[in-house]
Amino acid sequence: MKISCDWLKQYIDITVSPPKLAEKLTSVGLEVGGLEKHGNDTVFEIEITSNRPDWLSLFGIAREIAAVSGIRDIIIPKALPTKAKASMKKPFSIEIQDKDACARYVGRLIRDVVIAPSPLWMQTSLEAVGSRAINNGADITNYCMYETGQPMHAFDFDKLEGGQVIVRRAKKGETIITIDGVKRELDPSILVIADAKKPVAIAGIMGGQETEVTVQTKNILLESAYFDPVIIRRASRKLGLSTESNYRFERKVDIENVLFSSCRAAYLYKELCNGNVDEPFLDACYAKKEIVQLQLSVSTLERLSGMSVPLTKIKSILQSLGFDVIAGKTGINVTVPSFRSDVNIEEDLVEEVARIAGYDTIEEIMPPIKAHVEPACTPQYLCKRKLRELLRAQGLHEVITYSLLSPRNLDDAKTSADNRVSLMNPLSGELAMMRNSLLPSLLKVIATNINRKVEDVRIFELGKIYTQTDYKFKEEEYAALAVNGAAMHNWLDHRRKVCFHDLKGMVENILLHLGISNYAVERAKIDFFVPEQSAGIVVDGKEIAVLGKVHKQVLKNFDISEDVYFSQVHIPSLVMYAQKEYRYAAVPKYPSMIRDIALVVKKEVSSRDAMAIIREVGADLAVNVELFDVYTGDQVPGDCKSLAYSIEYLSRESTLTEDQVNGVHAKVQQAL
Numbered sequence: 012m013k014i015s016c017d018w019l020k021q022y023i024d025i026t027v028s029p030p031k032l033a034e035k036l037t038s039v040g041l042e043v044g045g046l047e048k049h050g051n052d053t054v055f056e057i058e059i060t061s062n063r064p065d066w067l068s069l070f071g072i073a074r075e076i077a078a079v080s081g082i083r084d085i086i087i088p089k090a091l092p093t094k095a096k097a098s099m100k101k102p103f104s105i106e107i108q109d110k111d112a113c114a115r116y117v118g119r120l121i122r123d124v125v126i127a128p129s130p131l132w133m134q135t136s137l138e139a140v141g142s143r144a145i146n147n148g149a150d151i152t153n154y155c156m157y158e159t160g161q162p163m164h165a166f167d168f169d170k171l172e173g174g175q176v177i178v179r180r181a182k183k184g185e186t187i188i189t190i191d192g193v194k195r196e197l198d199p200s201i202l203v204i205a206d207a208k209k210p211v212a213i214a215g216i217m218g219g220q221e222t223e224v225t226v227q228t229k230n231i232l233l234e235s236a237y238f239d240p241v242i243i244r245r246a247s248r249k250l251g252l253s254t255e256s257n258y259r260f261e262r263k264v265d266i267e268n269v270l271f272s273s274c275r276a277a278y279l280y281k282e283l284c285n286g287n288v289d290e291p292f293l294d295a296c297y298a299k300k301e302i303v304q305l306q307l308s309v310s311t312l313e314r315l316s317g318m319s320v321p322l323t324k325i326k327s328i329l330q331s332l333g334f335d336v337i338a339g340k341t342g343i344n345v346t347v348p349s350f351r352s353d354v355n356i357e358e359d360l361v362e363e364v365a366r367i368a369g370y371d372t373i374e375e376i377m378p379p380i381k382a383h384v385e386p387a388c389t390p391q392y393l394c395k396r397k398l399r400e401l402l403r404a405q406g407l408h409e410v411i412t413y414s415l416l417s418p419r420n421l422d423d424a425k426t427s428a429d430n431r432v433s434l435m436n437p438l439s440g441e442l443a444m445m446r447n448s449l450l451p452s453l454l455k456v457i458a459t460n461i462n463r464k465v466e467d468v469r470i471f472e473l474g475k476i477y478t479q480t481d482y483k484f485k486e487e488e489y490a491a492l493a494v495n496g497a498a499m500h501n502w503l504d505h506r507r508k509v510c511f512h513d514l515k516g517m518v519e520n521i522l523l524h525l526g527i528s529n530y531a532v533e534r535a536k537i538d539f540f541v542p543e544q545s546a547g548i549v550v551d552g553k554e555i556a557v558l559g560k561v562h563k564q565v566l567k568n569f570d571i572s573e574d575v576y577f578s579q580v581h582i583p584s585l586v587m588y589a590q591k592e593y594r595y596a597a598v599p600k601y602p603s604m605i606r607d608i609a610l611v612v613k614k615e616v617s618s619r620d621a622m623a624i625i626r627e628v629g630a631d632l633a634v635n636v637e638l639f640d641v642y643t644g645d646q647v648p649g650d651c652k653s654l655a656y657s658i659e660y661l662s663r664e665s666t667l668t669e670d671q672v673n674g675v676h677a678k679v680q681q682a683l
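Numbering (the numbering used here), first residue to last: 12 to 683.
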């Protein structure tokens with residue numbers, strides 16, 4: 012937007028040079044992009060932000076200059092009274108059919124005007140800001156628009172059918188030839204100004220050619236109105252028509268300024284066109300007057316801005332910006348002017364004071380740092396850090412995947428269909444659902460690696476899964492492990508395939524290092540696992556992890572031909588059951604004895620049941636029980652298996668004798 016320095020001087024006394032003024036305006040947010048000479052005048056090119064429509068006028072710029080210069084008020088130019096005289100019969104009528112689209116419309120009649128070229132001072136002012144001078148009838152409305160920020164329009168009153176002004180939506184099939192000579196198709200989404208028969212202007216954008224003010228015009232109907240910004244914006248985009256008028260309406264004009272601007276323009280028509288202004292004017296207003304009142308305390312200003320500004324200066328700054336201010340002991344009560352629709356909360360007032368006082372006056376000091384009672388790292392954060400260390404130490408690589416998947420990904424992985432969370436407005440079909448398991452994410456990573464000739468994949472991810480039950484949404488963090496290909500290389504069998512027990516060992520190693528020992532491994536029925544190799548880890552009756560061999564059909568869905576073993580561990584449960592304190596236990600003084608025992612049981616019997624019997628009968632002496640062999644073959648029945656255990660016996664009171672150990676071991680054997 013272009014601003015003339017000479018024109019500004021009509022409203023405020025400018026005592027600094029244009030470059031210095033440009034620097035001051037830029038410092039308070041009115042960025043001056045350039046200066047150019049226009050005769051003896053200097054013109055500023057200013058970038059106006061969308062939240063400050065009040066800056067789209069010379070009044071608004073003058074207020075900013077007053078604030079940065081410490082001047083209390085700006086000079087308001089002459090205008091006719093804003094109060095009409097007693098009502099009398101009016102030669103025209105105003106009808107607002109769409110009151111939401113047009114909340115206020117001020118119309119007045121100016122008779123016996125003389126249309127001629129505008130005076131030189133007006134032509135020079137308009138040309139300085141890039142507007143072409145036409146005649147005094149049209150130039151006055153443009154001049155007042157730049158001056159007050161309120162777009163207006165002048166109709167040739169004698170060409171209005173029936174002396175009527177109707178604000179309505181266009182009818183389907185209606186057309187209008189605008190003052191630029193273009194015929195435009197209208198539709199009901201577009202707001203128009205019409206007379207008794209036809210549209211005569213596109214509201215807020217451009218007038219019609221048929222009622223344009225010309226040298227033959229004798230009587231003018233002056234329009235000043237408030238139109239809904241959204242409706243004007245949509246009409247402008249649809250018609251491909253952009254003007255200085257709709258540029259301001261789209262950013263929301265000041266509804267309280269509609270009447271004053273009309274009075275100002277009417278005064279100029281009287282002075283420059285020798286017009287007779289009808290005293291009674293019509294003001295159709297349907298908007299409720301909104302008064303925004305705020306409080307600003309000195310302590311809030313200091314806390315939010317770091318500035319120490321005296322109360323008297325705060326009051327002076329806000330008054331110069333047009334706010335009504337009543338000062339108290341520790342703060343002020345502020346009434347926000349109607350042209351500042353961007354100020355709604357106390358923090359907005361803090362910003363106003365800070366930018367005028369100068370951001371460069373804020374002291375650069377370190378903020379006070381208070382010690383937190385709570386540790387900076389939460390237990391869950393520390394647990395995740397420990398998990399990463401443990402999993403990397405076991406040869407796994409961390410991956411990070413998207414939380415969004417396609418419904419097909421979840422179906423292919425056979426995850427539960429009952430608790431899925433779908434997005435209302437997904438970016439694409441491939442990102443339409445939140446994952447309810449980490450399995451599909453890790454399978455996609457494994458498939459990608461296999462396609463790139465990476466044979467052995469050992470990966471983990473710490474991530475969230477998302478579920479819902481009865482419209483209650485949950486997001487919880489899990490640690491997921493997935494392995495395939497060869498087991499860790501060793502000298503004896505360097506190409507042994509990874510198996511269920513490798514994965515189980517990794518998970519148990521995590522539990523061991525977190526001090527969780529009271530867990531049980533139980534059979535589990537999970538759709539995406541092979542039934543014979545599917546388990547859950549349970550602590551105090553709560554399942555904290557699942558692990559198993561991924562079902563072949565699931566692997567086929569992801570184009571994976573090799574076996575994959577997967578586990579998913581609930582991180583909050585690890586935090587809950589992890590050992591918080593460790594107590595020192597002395598190294599045993601006495602030697603231990605080891606006995607092995609093997610038994611043949613039905614295949615459906617769990618090894619855990621046998622170990623529970625050994626620990627119960629062995630009592631305090633059976634300090635360690637390990638399953639070291641599971642055998643099925645020719646020497647045992649087909650529906651049975653052989654379990655071999657190593658039992659370590661130890662007493663912390665004395666050295667065990669052979670007889671003591673044999674006696675306890677015999678009881679264990681009998682119980683089994």
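Even glycine gets a Cβ: it sits at the ideal position worked out from N, Cα and C.
Whether residue i touches residue j by CB criterion (8 Å)
i	j	result
S273	R119	yes
I605	E659	yes
R314	G406	no
Q391	N344	no
Q220	I188	yes
E472	T412	yes
R366	G40	yes
G342	S308	yes
S331	A149	no
V43	S15	no
L46	M12	no
N268	G192	no
P240	K209	no
V634	Y588	no
I204	A212	yes
Straight-line gap, residue i to residue j (C-alpha atoms, nearest Å)
i	j	result
K281	V288	7 Å
L233	A295	14 Å
S136	W18	6 Å
K326	A338	7 Å
S545	D607	28 Å
N462	N520	31 Å
S439	K425	22 Å
N673	E554	38 Å
L442	S452	12 Å
K614	F511	17 Å
P92	M318	43 Å
E357	V364	11 Å
V679	N495	39 Å
D111	E223	27 Å
E573	L566	8 Å
I625	K397	33 Å
T323	Q479	56 Å
E400	R446	25 Å
Sequence-distant residues of the same chain with beta carbon closer than 6 Å to residue i, five excluded per side
i	result
E486	K475, Y477
T458	The sequence as given places Ala at residue 458; Thr does not occur at that position. Once the five neighbours on either side are set aside, the close Cβ partners of A458 are F569, D570, I571.
D538	K425
L638	S618, Y656
K35	V79
In DSSP terms, what residue i is bridged to
i	result
L119	A small correction: the amino acid at residue 119 is Arg; Leu does not occupy that position in the sequence shown. In the DSSP output, where bridge partners are listed per residue, R119 has L233.
M156	M156 pairs with nothing; no bridge assigned.
F639	In DSSP, F639 forms no bridge with anything.
V54	S15, E47
I107	V178
H524	Note: H524 sits in no beta bridge, so no partner.
C651	K613
Distance between beta carbons of residue j and residue i, contact taken as under 8 Å
i	j	result
L558	S578	4 Å
R115	A33	The pair is not a contact, with the Cβ atoms about 36 Å apart (cut-off 8 Å).
Contact set for residue i: own chain, Cβ-Cβ below 7 Å, skip 5 residues either direction
i	result
M517	Q405, L492
T152	M163, H164, A165, A276
V675	G629, L632, Y660
L449	E472, G474, I476, Y489, A491, Q579
Cut-off 8 Å between Cβ atoms - residues of its own chain near residue i, not counting five sequence neighbours on either side
i	result
A368	M318, V320, K324, I328
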